[in-house]
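Accompanying notes for the structure given below.
This is the structure we're talking about:
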């Protein structure tokens with residue numbers, strides 16, 4: 018299982034105010050690392066509960082971000098993009114969780130559950146952040162900057178949810194496609210060898226970027242509105 022995050026100028030009204038200086042960008046970086054780590058942990062813990070021994074054997078059934086970090090994809094590239102790219106950009110990925118799917122009878126079901134756990138975990142983070150923000154954050158008392166942080170965490174996790182549903186390897190959505198069309202392992206492996214190239218092409222297509230941006234806007238907007246509604250209820 019692999020996790021990829023890409024965001025470039027999709028929601029400036031939510032994020033521009035939070036990325037003015039290097040402290041803000043560092044916070045954004047650590048938020049990305051945490052979100053990627055939870056995503057990969059969700060894959061690992063689900064596989065472990067389904068009696069797949071490989072993630073535990075490789076030390077992946079933990080929330081410790083150090084075991085989920087890819088030195089290039091989680092550290093070098095995100096920091097480089099954040100500090101040297103104009104405007105707001107995030108690009109990175111976590112270390113993939115390897116699974117063995119030992120039970121032949123439930124192999125497809127297990128793969129689908131393990132796959133779904135990653136994006137679902139990001140929705141859970143967005144929901145938890147919205148609830149905490151709504152319950153404890155009072156924007157009328159000067160907490161605007163913290164409010165932007167809350168919105169950033171929500172947006173990052175909606176990004177991870179939406180982007181990883183794209184049916185292109187190595188993203189989680191490719192597993193759903195594989196089983197939906199009953200793709201052979203050999204065919205999937207061949208498709209995977211072109212996965213990043215396909216993604217690079219898609220990311221640079223205006224129509225894709227527009228659709229992708231709208232999906233993230235809808236997802237994050239739902240949780241941000243939920244946060245506001247909770248805040249009004251407890252005010």
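Numbering (my numbering), first residue to last: 18 to 252. We treat Cβ as the ideally placed atom computed from N, Cα and C, and that holds for glycine.
- DSSP, reduced to helix, strand and coil, places residue 190 within a helical segment of the structure shown.
- Secondary structure in the region 82-170: the alpha helix (DSSP H) runs of 4 residues or longer, each lying completely within the stretch, are 94-101 and 124-153 in chain order.
- DSSP, reduced to helix, strand and coil, places residue 203 within a helical segment of the structure shown.
- Of the other Cβ atoms in all chains shown, fewer than 16 fall within 10 Å of the Cβ of residue 197; this residue is therefore exposed.
- For residue 128 and residue 97, the gap between their C-alpha atoms comes out near 34 Å.
- Less than 8 Å separates the beta-carbon of residue 173 from that of residue 49.
- Residues of the same chain with a CB within less than 7 Å of the CB of residue 146, apart from the 5 flanking positions on each side, are 167, 170 and 171 in chain order.
- Per DSSP, reduced to three states, the secondary structure at residue 221 is coil, with no helix or strand assignment.
- In the three-state reduction of the DSSP assignment, residue 41 falls in the helix class, which pools H, G and I.
- Note on residue 233: 16 or more other CB atoms within 10 angstroms of its CB, so buried under the neighbour-count rule.
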